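Enquirer:
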Amino acid sequence: NVRVVTHEIAHALGFSIDTLMVHTSLVAMPGLRGKNSALVEASPRTLEKTRAHFNCSTAPGMELEDEGGSGTALSHWERRNAKDELMSGIAGAGYYTALTMAVMEDLGFYKAVWGMEEPMSWGRMSGCKLLTDKCVENGTTDYPDMFCTTDSNTLRCTSDRRALGTCTIGTYTFPLPTEYQYFTDPTAGARTGNLMDYCPYIAEYNNTGCTNGNINVMPGSRVSSSSRCVKGDSLHIATFPIGDVCAEISCDNDTVQLRYFGDDTWYECPEGSTITPVTTFSSGRIVCPPRADVCIDSGDEHSDSSDGHSDSSDGHSDSSDGHSDSSDGHSDSSDEHSDSGDEHSDSGNKHNDWINMIMWEISKRIEDMSIKIRAMSIKI
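Numbering (the UniProt record's numbering), first residue to last: 1 to 380.
(1) Mind pulling the beta strand (DSSP E) runs of 3 or more residues that sit fully within the segment 197-278?
(2) At the level of alpha carbons, what is the spacing between Met101 and Tyr260?
(3) For Glu268, count neighbouring C-beta atoms within 10 Å of its own C-beta (all shown protein chains included) and say buried if the count is 16 or more, exposed if not.
(4) Mind checking who Arg285 pairs with in its DSSP beta bridge?
(5) Identify whether Ile373 lies in helix, strand or coil by the three-state DSSP scheme.
(6) Check whether the segment 99-118 and the segment 224-236 are in contact - that is, three or more C-beta pairs closer than 8 Å.
(7) Considering just the uninterrupted stretch of the alpha helix (DSSP H) at Glu105, what are its terminal residues?
(8) Let me confirm a value: Phe240 is counted as buried when at least 16 other C-beta atoms fall within 10 Å, else exposed. Which label applies?
(9) Looking only at DSSP bridge pairs, what is Val40 linked to?
(10) Going by DSSP in three states, Gly69 sits in which element: helix, strand or coil?
(11) Identify every residue that forms a DSSP beta bridge with Trp77.
(12) Could you spell out where the alpha helix (DSSP H) holding Ala10 opens and where it closes?
(13) Looking at the unbroken beta strand (DSSP E) that takes in Leu164, where does it start and where does it end?
(14) Find the nearest neighbour of Ala42 within the set Met146, Ile202, Gly220, Asp106, judged by alpha-carbon distance.
(15) Using the rule of at least 16 other Cβ atoms within 10 Å of the residue's Cβ for burial, across every protein chain shown, is Asp342 buried or exposed?
(16) Have a look at Met62 and Tyr205 and give me their C-alpha separation to the nearest angstrom.
(17) Label Pro289 either buried or exposed according to how many other C-beta atoms from any shown protein chain fall within 10 Å of its C-beta, with 16 as the threshold for buried.
(18) Using the Cα positions of Val2 and Asp151, report the straight-line distance between them to the nearest angstrom.
(19) Using the beta-carbon count (16 or more within 10 Å), is Asp264 buried or exposed?
(20) Hey, how far is the Cα of Ile242 from the Cα of His236?
(21) In chain order, what residues of the same chain have a beta carbon less than 7 Å from the beta carbon of Ser88, not counting five sequence neighbours either side?
(22) Hey, Asp293 and Ser121: beta-carbon distance below 8 Å or not?
(23) Let me know if Asn214 comes out buried or exposed under the rule of 16 or more other beta-carbons within 10 Å of its beta-carbon.
(24) Among Leu99, Ala28, Tyr110, which residue has its Cα nearest to the Cα of Gly123?
(25) Please classify Tyr182: does DSSP put it in a helix, a strand, or coil?
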């Protein structure tokens with residue numbers, strides 16, 4: 001898993017609380033969202049990129065994780081605010097965003113190659129209230145693409161659009177702390193162990209990855225190496241409600257095309273428009289996604305459950321979020337859309353560039369350490 005390796009290497013290169021305290025500007029924020037205190041990274045480049053991502057000119061910085069054990073807390077981004085980011089405390093999509101590139105540059109040892117960053121839909125252009133207010137207030141949320149407030153009989157897209165899932169909402173036998181009470185029922189909230197401040201969200205259901213899921217539990221979905229989740233608007237098969245579905249995606253130049261289960265035709269799908277299926281579905285429409293949400297290829301398997309760097313204090317690492325992804329382009333490479341693999345190749349080059357840069361830095365540090373060790377040996 002390239003992105004998990006990159007995550008761990010980023011820690012080795014300085015993304016840890018010990019290094020951040022020495023080389024960057026950390027600011028304590030007492031009372032943030034009702035918490036006793038939160039710590040934010042407020043170094044210049046990080047502050048700039050945080051405000052740009054969230055569209056919040058008054059953001060004090062990028063919040064650090066306050067949940068989990070000693071290996072997680074304060075050495076990752078707050079997952080509630082950056083669930084799909086590379087340096088979130090539980091592995092997922094692991095996007096290489098400007099947020100992590102900025103803090104690495106702010107350390108003073110590295111220079112980011114701007115233009116290589118990947119977009120992340122989670123929190124993008126959300127405004128300041130996401131950072132300062134509760135994720136859900138009295139059972140409603142201003143961010144339905146991020147958080148959920150009810151369970152459903154139908155499957156819904158995960159935030160990275162790589163799987164179908166269900167809402168993590170549940171109830172406890174005791175009231176949650178006041179700062180984590182989002183419903184009129186004080187015992188309601190997301191299950192523990194997912195570093196989300198008890199904010200409920202869509203987590204992958206068993207065997208529902210768009211690239212490798214079991215179609216028997218994903219009615220209406222087309223599973224392939226280039227499939228992503230798209231929203232359904234009142235989709236039905238006969239009288240059975242479907243919810244969201246996985247569809248095969250082609251990212252050719254600036255256009256998105258898709259083909260859905262039961263129809264081998266490719267349809268252009270500009271953001272915000274809809275496609276009314278002519279086969280398989282008896283009613284409803286498919287909502288065309290933003291290109292940035294479906295045209296980033298992780299290039300490797302990823303999982304929210306066994307990444308090796310989650311350190312939840314209760315041992316629950318949200319195992320239902322795990323799913324794999326491949327990057328070999330469309331399974332039907334003989335048609336006119338086979339050149340969409342170029343998009344995946346570009347993403348693969350980003351992996352290589354990141355890894356090459358990181359490995360060079362590691363080699364440099366090892367060389368510096370070797371010189372120091374030799375010097376110490378000579379002195380002795």
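We treat Cβ as the ideally placed atom computed from N, Cα and C, and that holds for glycine. Since the model is a prediction, treat every value here as computed from it, not as a measurement.
Expert: Let me lay it out:
(1) 202-209, 227-237, 245-252, 255-259
(2) 36 Å
(3) exposed
(4) Asp233
(5) Any reading at Ile373 must be qualified, since the residue scores a pLDDT of 33, below 50, and its modelled position is unreliable; no value is offered.
(6) no
(7) 98-106
(8) exposed
(9) Val27, Glu63
(10) coil
(11) Leu64, Ser88
(12) 2-12
(13) 163-167
(14) Asp106
(15) Note that Asp342 has pLDDT 41, beneath the 50 cutoff, so the model's placement of it is unreliable and the number below is only indicative. Burial call: exposed.
(16) 30 Å
(17) buried
(18) 33 Å
(19) exposed
(20) 5 Å
(21) His76, Trp77, Arg79, Ala82
(22) yes
(23) exposed
(24) Leu99
(25) coil
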